[in-house]
Structures are given as C-alpha cells and as structure tokens.
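The structure appears below as structure tokens.
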Amino acid sequence: MRLVVDLNRCQGYAQCAFLAPDVFTMHGEEALMYDPGADEARREQVMRAAAACPVQAILVDQVDAPGTPERPIALERAGTDGR
Ligand code: SF4
705 MRLVVDLNRC QGYAQCAFLA PDVFTMHGEE ALMYDPGADE ARREQVMRAA AACPVQAILV
765 DQVDAPGTPE RPIALERAGT DGR
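When you read off a place in the sequence shown, starting at 1, and then add 704, the result is the number in this note's numbering.
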C-alpha cells in the first residue's frame, strides 16, 4: 500500500504509533517516522491508525503518482530573490 503522512498537519499525538507500531514510530516527542510502502498485511492496522489520527494526517492509497510531488515552497521562492 502507499502511505503518506502530512507532516505539516501531524501534531505528534502518537495514536498511529500505538495502533500500528510496525509502520509508525515516534522519535522523540514530535518526530514521526513511517514506512510509506507498508506491507499489505498491515493494512488493517494502518486503517485503524488513520481513523484514530486526531488531525487526519494519514492518507492511505490516495497518492499514487510519484510524479506529482507537492512543490516545496522554499524552492519556489529561491528564484525570486534576485540571486
Ligand atoms: S496520530 Fe496523526 S498526529 Fe499523531 S503522530 Fe500519527 S500522524 Fe501524527
């Protein structure tokens, strides 16, 4: 499955790490690490984690096209400062 966590939205509540510890891991109090290509066998755990996330930061199978990344804001601004 394909898995994306919107880390701008994630508040580090760690619900996902409790419900799917093989896929989501907290490092420190707020840094979340996860497996974006989690095994299909983990789907039920991941779906529970996504449902439990208080800010709906976990997206499952909604980002299929690797060719359509969000544009990093820093890069968009890099060319406009005259340097
Ligand atoms: S449950 Fe949601 S807010 Fe909490 S760590 Fe996981 S993704 Fe982030």
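Just so it is clear, CB atoms sit at the ideal spot from N, CA and C, and this is done for glycine as well.
Is L736 a contact residue of the ligand SAM, with contact defined as CB to any heavy atom under 6 Å?
Inclusion of the ligand SAM in the displayed structure is not the case, the ligand content consisting of the ligand SF4 alone.
DSSP state of A735, grouped into three classes?
Here residue 735 corresponds to residue number 31 of the sequence shown, with the count starting at 1. A735: strand per DSSP, three-state reduction.
Just curious, the alpha helix (DSSP H) that L711 is in, first and last residue?
Numbered from its first residue, the sequence shown carries residue 711 at position 7. Note, L711: premise wrong, no alpha helix (DSSP H); not H, not E.
Between Q760, P758, E733, V750, which has its C-alpha nearest M705's C-alpha?
As a position in the sequence shown, residue 705 is number 1, starting the count at 1. Ranking Q760, P758, E733, V750 by Cα distance to M705 puts V750 first.
Roughly how many angstroms lie between the CA atoms of D743 and V727, to the nearest whole one?
Residue mapping note: residue 743 aligns to position 39 of the sequence shown, counting from 1. Residue mapping note: residue 727 aligns to position 23 of the sequence shown, counting from 1. Whole-angstrom Cα-Cα distance: 9 Å.
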